[in-house]
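Chemist: This is the structure I have questions about; it appears just below.
Numbering (the working numbering), first residue to last: 77 to 206.
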């Protein structure tokens, strides 16, 4: 229970199409989001999915994930999560190593329940603070 209180998950989506399909956003939001090519970053807060930031490109989203890592002061463990692109996850893991000096990084493919809502190309970080 204490580990849950000290953990955070941030997921960068490559598309918002699967948020629409899953009923998390409406058709109008999806239309505007696709038009603007938004790449949202989501987190889990007490089991509920919440938006953290909307970025206009995958690289801007990756930069924001790096900012999140740089803000951590008591980081114990990091996992990199992905839906379909393992190479991208390995690249994120290298960034994590450079920023945090944590060498033992878990890289894991998301299960179908998360993947169905996140969609292909999603990548994220799970953080455990001490």
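All C-beta atoms in this analysis are idealised placements derived from N, C-alpha and C, irrespective of residue type, glycine included.
Give me the Cβ distance between residue 181 and residue 199, rounded to the nearest whole Å; I'm assuming they're in contact under 8 angstroms.
Modeler: The pair is not a contact, with the Cβ atoms about 13 angstroms apart (cut-off 8 angstroms).
Chemist: In whole angstroms, what is the alpha-carbon distance linking residue 191 and residue 183?
Modeler: Rounded to the nearest angstrom, the two C-alpha atoms are 15 angstroms apart.
Chemist: Following the continuous beta strand (DSSP E) through residue 119, name the residue where it begins and the one where it ends.
Modeler: Taken as a continuous stretch (DSSP letters only), the beta strand (DSSP E) holding residue 119 covers 115 to 121.
Chemist: Report the CB separation of residue 196 from residue 90 in whole angstroms; it is logged as a contact under 8 angstroms.
Modeler: With a Cβ gap of about 7 angstroms, residue 196 and residue 90 count as contacting.
Chemist: Measuring only the C-alpha atoms, how far is residue 61 from residue 147?
Modeler: Because the chain spans 77 through 206 in this model, residue 61 falls outside it and cannot be assessed.
Chemist: For residue 124 and residue 159, what's the separation of their Cα atoms in angstroms?
Modeler: Looking at the two C-alpha atoms, the distance is approximately 20 angstroms.
Chemist: Taking the alpha-carbon positions, what's the residue 81 to residue 179 distance?
Modeler: Cα to Cα, residue 81 sits roughly 23 angstroms from residue 179.
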